[in-house]
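Student: Add 1 to a position in the sequence shown, counting from 1, and you land on the number used in the working numbering.
Ideal Cβ placement from N, Cα and C applies to all residues, glycine included.
Bear in mind that the values here come from a model prediction, so they are computed numbers and not experimental data.
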Amino acid sequence: MATAAEAQAKINTFLAVGPRQADGYHQLVTVYHSLNIIEQVRLSRAPDGVDCLTFDGPIDSTDLDTGSDNLVWRAVDLVAATLTTSRPPLHISVTKNIPIQGGMAGGSADAAAALRAANVELGAGLSDVQLGALAVRLGSDVPFVLAGGNAIGTGRGERLEPLAASPLWWVMVFDTDGLSTPVVYAKLDEMRAERGSGIGGTPGEGDGGEARLGDGVRLMGEAMAAGDARSVATLMRNDLQQAALALAPRLADTLAAGRAAGALAGIVSGSGPTVALLVEGEDEARSVAARMRASGRNASVARGG
Ligand code: C5P
2 MATAAEAQAK
12 INTFLAVGPR
22 QADGYHQLVT
32 VYHSLNIIEQ
42 VRLSRAPDGV
52 DCLTFDGPID
62 STDLDTGSDN
72 LVWRAVDLVA
82 ATLTTSRPPL
92 HISVTKNIPI
102 QGGMAGGSAD
112 AAAALRAANV
122 ELGAGLSDVQ
132 LGALAVRLGS
142 DVPFVLAGGN
152 AIGTGRGERL
162 EPLAASPLWW
172 VMVFDTDGLS
182 TPVVYAKLDE
192 MRAERGSGIG
202 GTPGEGDGGE
212 ARLGDGVRLM
222 GEAMAAGDAR
232 SVATLMRNDL
242 QQAALALAPR
252 LADTLAAGRA
262 AGALAGIVSG
272 SGPTVALLVE
282 GEDEARSVAA
292 RMRASGRNAS
302 VARGG
């Protein structure tokens, strides 16, 4: 028997980052949005009795670690740990469509799909709530990617409140190099320390910022539920963007080129370096993507919701 499962890429239309906490994580208030860019994970018993993880698809995965540290194996082993018997050797293949270190939760999507596939293949019978509890242990974004759709995320990003979803159209502009998420968070801490202050409206500031933050998230949730691209464009926020731009200054040109090409607004996706350009509809997405490609960039149309 073989089992397949999928998980979608995400962007954050809203990402407010609080100060670094004692555990090294930052408190977030974020709005997650799934895109129709999909990772596929297939899992079957190893006929040769040896574990094996392979990657294929359009994303170059040659540098990925396929050993037991890979989130895919960690996900499978968390499911297997709920069984009374030991896990059989498995062959796992992942078709990668989400860029590596692109700020779109590609590794988290592999982990989420692996949780689902392992749950079926190993006959673990875990509920969505139980899988969600395992997902938290794999990474802050994994619970959202497991759930999909649109959601508000708080805590480290793992506490979810589902939101209604309508289609929104995006042009995703992929970068040649990845950015490491911990490096981008550390850069933000450094930039904030240099300025000697936090920034307005971040979680936990106790100066009324929480109320402003709550309004921004509520309005964003309403705009996304209505598929109101123009309102979403005015409400988009990513506190990690300044750090991503400091580490990869070329992204400022990509954002400017996106606006010049007709996007309503652009934002760095999560910790970057992928840039998400919001457009009015599908036709606009095709023309903005063509213009971005004509300027030598790697751009694709994506539908979110
Ligand atoms: O949770 P995850 O393992 O995906 O996080 C990767 C890194 O991103 C963490 O080690 C941390 O440096 C940073 N991070 C953070 N605050 C969050 C989420 C992630 O500082 N809320």
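#1: How far does the alpha helix (DSSP H) with tyrosine 186 in it extend, from its first residue to its last?
#2: Can you tell me whether DSSP reads glycine 154 as helix, strand or coil?
#3: So, is methionine 2 buried or exposed, given that buried needs 16 or more other C-beta atoms within 10 angstroms?
#4: Under the rule that 16 or more other beta-carbon atoms within 10 Å means buried, what is leucine 29, buried or exposed?
#5: What whole-angstrom Cβ distance do alanine 165 and glycine 140 have, given they're in contact under 8 Å?
#6: State buried or exposed for alanine 261, treating a residue as buried only when at least 16 other CB atoms are found within 10 Å of its CB.
#7: Which of helix, strand or coil does DSSP assign to glycine 107?
#8: Is leucine 29 near the ligand C5P, in the sense that its beta carbon is under 7 Å from a heavy atom of that ligand?
#9: Check the DSSP bridge columns for alanine 303 and list the partner residues they point to.
#10: Enumerated in chain order, which unbroken segments of the beta strand (DSSP E) with a length of 3 residues or greater are wholly contained in the stretch 208-286?
#11: Can the beta-carbon of threonine 275 be found closer than 8 Å to that of proline 100?
#12: Kindly identify the DSSP beta-bridge partner or partners of proline 163.
#13: At the level of alpha carbons, what is the spacing between glutamine 242 and aspartate 57?
#14: Near leucine 36, what residues of its chain come up, given a Cβ to Cβ distance below 8 Å and the 5 sequence neighbours on each side ignored?
Tutor: Well, looking at it:
#1: 182-196
#2: strand
#3: Classification for methionine 2: exposed.
#4: buried
#5: Alanine 165 to glycine 140, Cβ: 25 Å. No contact.
#6: exposed
#7: helix
#8: yes
#9: Trp171
#10: 266-269, 276-280
#11: yes
#12: Paired residue(s): Ala152.
#13: Those two C-alpha atoms are separated by around 30 Å.
#14: Around leucine 36: Gln9, Ala10, Lys11, Ile12, Met105, Trp171, Met173, Ala303, Arg304, Gly305.
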